[in-house]
Amino acid sequence: MTSAPVSVPALNTSRSQDLFSAAQTLMPGGVSSPVRAFRSVGGDPIVFDRVKGAYAWDVDGNRYIDYIGSWGPAICGHARPEVIGALHEALDRGTSFGAPCALENTLAEMVIEAVPSVEMVRFVNSGTEACMSVLRLMRAFTGRDKLIKFEGCYHGHADMFLVKAGSGVATLGLPDSPGVPRSTTANTLTAPYNDLEAVKQLFADNPGEIAGVILEPVVGNAGFITPEPGFLEGLRELTTEHGALLTFDEVMTGFRISYGGAQARFGITPDLTTLGKVIGGGLPVGAYGGKAEIMAMVAPAGPMYQAGTLSGNPLAMTAGIKTLELLKQPGSYERLEAITKRLSDGILAAGREAGLPICGGSISAMFGFFLCDGPVRNFEEAKATDSQRFGRLHRAMLERGVYLAPSAFEAGFTSLAHSDADIDATLSAFRDCFAAIA
Ligand code: KE4
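Going by the numbering used here, 357 is the number at position 355 of the sequence shown; the sequence numbering is gapless.
Structural data, given as structure tokens:
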């Protein structure tokens, strides 16, 4: 029995609208990153004023339960006092050194201790930089040029990866980006996610030419898609067999799927790993790391060049260290797993109760659903989701104070700050909204 949708007063977002329309003349699309523009869900984006814990407030004073968490970094909750306090202290010692600092050692030791594949790590300033660098490293180490990526996976906006990419590229329905020369992507081969036979065929068709395989071990950029049993193991075997390197892009899953990332949770150890988001605690950080033998190629230890003015800066290191310390506390991941599973189960139940086609799930603090029958095993199947209906759902949830990713091709994120009451309120809003869009 579906309850009649509860109507709610229209949201006053007049100041957001004023600011966003002014931004249109200042920045392309009025944003600093495309997905924030709400293009695929319609309506103007909400302009944030401040965040705290599980919540965001917009410039009109409306409060939202936030399931984006700055796209991953806010896994402990926004503006945690421990992180903010540590940053206040660090600020008095300067914002950037451009020289070695002890904090880099500390965060490096924490990452190496936590992530099975990482024996040595290099800090950079974004996930894009981490993925660019790890591709150069795979090529440098093997002397080969070709790369295998998967349709719907997103590894940042570097040219070589903008082939059937996910996230904002999928959201905006961009086939590939202009400005990327064919010569740059000629070495980028793609396969459907969860399709080992397609990967075997690519290796057979390109003998001795494939430097590596890169993937999201749990996909969060085509919506939420999990690896089928045997997929990750199969990639590990295939890359070893063909002398290619296996890279897990854990920019999103790192320290979210478990303290050791997806690789620790699934027990599959890649050769290299990229990280970002959580390890910066909300400040710009990325990292790539792996076997010491491979990382020894990276300048100045080895010949592969990669550099960065703000890499390893003391503020970002401080925020990352504090965030990992909070995550390492006993019970963190049990809590994240429990609230996220309750949320995900409740969303699916609410959708079915409203008679909607819906599928999805969660792993640790990451969840997602598709408005289609499913199961969704790859990007093609993800595109069967009803994006129009998702857009109506997104706006209706916003009006009920719940902030979901503004795209059907993104995942949702919970945090240690989301309370049981927040989950209850969110599920109540979903029940109302599913009824409204059914
Ligand atoms: P950044 O360059 O945005 O820090 O990281 C790129 C990246 C690399 N790998 C994975 C698996 C990622 O998820 C990302 C970035 N994720 C998107 C969210 N889908 C960032 C949000 C945005 O582009 O605004």
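Just so you know, even glycine gets a beta-carbon here, dropped at the ideal spot from N, CA and C.
The shortest C-alpha to C-alpha distance from Pro359 to any of Ser421, Lys330, Pro209, Thr387 is the one to Thr387.
Among the bridge pairs identified by DSSP, Cys361 is matched with Phe372. The C-alpha of Gly376 lies about 44 Å from the C-alpha of Tyr307.
Taking C-beta atoms as the reference points, Ala294 and Met122 count as a pair closer than 7 Å. Thr276: member of the beta strand (DSSP E) spanning 274-278, first to last residue. Secondary structure in the stretch 14-102: the beta strand (DSSP E) runs of 3 residues or longer, each lying completely within the stretch, are 50-54, 57-60, 65-68 in chain order. Ranked by how close their Cα comes to the Cα of Glu84, the residues Leu328, Ala116, Leu137 have Leu328 in first place. Between the alpha carbons of Phe371 and Gly363 lies a gap of roughly 6 Å. By the neighbour-count criterion, in which a residue is buried when 16 or more other Cβ atoms sit within 10 angstroms of its Cβ, Gly71 is buried. For Trp59, the CB stays at least 6 Å from every heavy atom of the ligand KE4. Of the residues Ala160, Gly45, Ala224, Gly63, the one whose Cα lies closest to the Cα of Asn14 is Gly63.
In the structure shown, the three-state DSSP call for Leu247 is strand. Between Ala321 and Ala440, the gap from beta carbon to beta carbon reaches 7 Å or more. A residue is called buried once 16 or more other Cβ atoms fall within 10 Å of its Cβ, and Thr342 is buried on that count. Secondary structure of Ile439 (DSSP, three-state): helix. Taking a C-beta distance under 7 Å as the contact criterion, Gly168 and Ser417 do not qualify as a contact pair. With contacts defined as CB atoms closer than 7 Å, Thr428 and Ile48 fail to qualify as a contacting pair. One Cα belongs to Glu106, the other to His396, and the distance between them is close to 40 Å.
Three or more Cβ pairs closer than 8 Å define a contact, and the stretch 146-155 falls short of that threshold against the stretch 269-277. Shown here for Thr187: same chain residues with a beta carbon closer than 8 Å to its own, the five before and five after excluded, namely Asp161, Met162, Leu164, Val165, Asp178 in chain order. Of the residues Arg38, Met112, Ser185, the one whose Cα lies closest to the Cα of Met319 is Met112. Using a C-beta cut-off of 8 Å, the stretch 210-222 makes contact with the stretch 251-262, since at least three inter-stretch Cβ pairs fall below that distance.
The beta carbon of Gln26 sits closer than 6 Å to the beta carbons of Gly32 from its chain, once the five residues preceding and following it are set aside; these are given in chain order. Burial is judged here by how many other beta carbons sit within 10 angstroms of a residue's own beta carbon; Met29 has fewer than 16 and is exposed.
According to DSSP, Thr190 shares a beta bridge with Leu149. Looking at the DSSP output, Ile212 sits in a beta bridge with Lys148.
Taking C-beta atoms under 8 Å as the contact rule, Ala193 and Phe226 fail to qualify, at a distance of about 19 Å. Arg433 and Thr130 have their C-alpha atoms spaced approximately 37 Å apart. In the three-state reduction of the DSSP assignment, Val300 falls in the strand class, which pools E and B.
Of the candidates Pro180, Glu115, Asn196, Met134, the residue whose Cα lies closest to the Cα of Gly310 is Met134.
Ranked by Cα distance from Pro75, the options Leu285, Ala116, Ala298 are led by Leu285. At a cut-off of 6 Å, the beta-carbon of Ser9 does not count as near the ligand KE4: no heavy atom of the ligand is closer than that.
In this model, Phe392 and Asp347 are separated by some 18 Å (Cα to Cα). In this structure, the alpha-carbon of Val136 lies about 8 Å from that of Gly291. Non-local beta-carbon contacts of Asn380 in its own chain, meaning distances under 6 Å to residues more than five positions away in sequence, involve Pro194, Tyr195, Asn196 in chain order. In this structure, Val37 has its beta carbon less than 6 Å from a heavy atom of the ligand KE4.
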